[in-house]
Amino acid sequence: MMRSAVLLLVCASAAGMQLKADPTNSCKATGNGTMFDISKIMRFPVIANGPRFQYTFSPCDPIPCSGDPNNKEIAICQAADFPRSCGNTNQALWFVIDTYPWSWKILYPNGMDWRASWVTFRVNETAERTEFKALGEEPYLIYNFEVTGRCLGQPNAPADCN
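Here the sequence shown stands for residues 421 to 582, numbered as in the working numbering.
So this is what it looks like as structure tokens:
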């Protein structure tokens with residue numbers, strides 16, 4: 421009996437929930453009465469060096485990525501032999517992973533040639549600065565990034581985050 425109660429608790433806490441992306445602001449999403457706003461967590465666009473390539477991330481104001489000139493909603497651009505869009509802002513999907521400490525993911529789909537990117541946000545209450553890291557491409561054409569910091573636009577952020 422105790423084992424099934426523990427299993428149920430673990431499954432329920434790991435389930436997460438999808439947030440509703442703000443249709444007028446690609447840096448905001450809401451869910452269950454909470455607001456996430458990543459617009460002020462760092463000065464965008466931000467650049468990270470990955471294992472093989474450099475990436476530019478700009479979730480609030482789409483960036484040009486000359487390898488995909490018809491696409492005006494680019495959130496992540498890869499600098500390789502020519503620039504490639506790795507995901508768009510206009511159809512981003514937000515998912516809460518955990519509430520303490522806060523962590524959530526944003527999927528930026530519809531990049532060039534089926535590319536997509538996952539950006540995971542992890543609140544670290546002892547972090548001194550916010551960092552954006554490129555983690556790699558796994559599986560093929562799916563790019564993984566991580567943003568860590570104390571003030572990431574999470575609900576009920578400390579007062580000095582504003």
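By construction, the Cβ of each residue, glycine as well, lies at the ideal position given by its N, Cα and C atoms.
Limits of the unbroken beta strand (DSSP E) element including residue i
{"i": "D518", "result": "L513 to T519"}
{"i": "T476", "result": "Q474 to F477"}
{"i": "A536", "result": "A536 to V543"}
{"i": "P503", "result": "P503 to S505"}
{"i": "I494", "result": "Where I494 is concerned, there is no enclosing beta strand (DSSP E), given that its DSSP letter is neither H nor E."}
{"i": "S523", "result": "W522 to Y528"}
{"i": "T568", "result": "I562 to G569"}
Residue i vs residue j beta-carbon contact at 7 Å
{"i": "S537", "j": "G507", "result": "yes"}
{"i": "T568", "j": "A547", "result": "yes"}
{"i": "K460", "j": "T450", "result": "no"}
{"i": "P575", "j": "V543", "result": "no"}
{"i": "W524", "j": "L561", "result": "no"}
{"i": "T519", "j": "C497", "result": "no"}
{"i": "C571", "j": "A577", "result": "yes"}
{"i": "T540", "j": "E566", "result": "yes"}
Residue i classed as buried or exposed, judged by whether at least 16 other C-beta atoms fall within 10 angstroms
{"i": "T444", "result": "exposed"}
{"i": "E448", "result": "Here residue 448 is Lys; the residue named in the question, Glu, does not match the sequence. Buried, because 16 or more other Cβ atoms sit within 10 Å of the Cβ of K448."}
{"i": "F502", "result": "exposed"}
{"i": "M586", "result": "Shown here, the chain extends from 421 to 582; a query on residue 586 therefore has no answer."}
{"i": "P482", "result": "buried"}
{"i": "A526", "result": "It should be pointed out that residue 526 corresponds to Ile in this sequence rather than to Ala. Looking at its Cβ environment, which holds 16 or more other Cβ atoms inside 10 Å, I526 is buried."}
{"i": "I458", "result": "buried"}
{"i": "G531", "result": "buried"}
{"i": "A495", "result": "buried"}
{"i": "R463", "result": "exposed"}
{"i": "P584", "result": "The first residue shown for the chain is 421 and the last is 582, placing residue 584 beyond what the model contains."}
{"i": "G453", "result": "exposed"}
{"i": "G556", "result": "exposed"}
{"i": "A512", "result": "buried"}
Cβ-heavy atom distance, residue i to the ligand FAD, below 6 Å
{"i": "I483", "result": "For the structure depicted, the ligand FAD is absent and the ligand set is empty, with no information on it obtainable."}
Those runs of the beta strand (DSSP E) which lie wholly inside the region 436-465 and span at least 3 residues
437-441, 448-451 and 454-457
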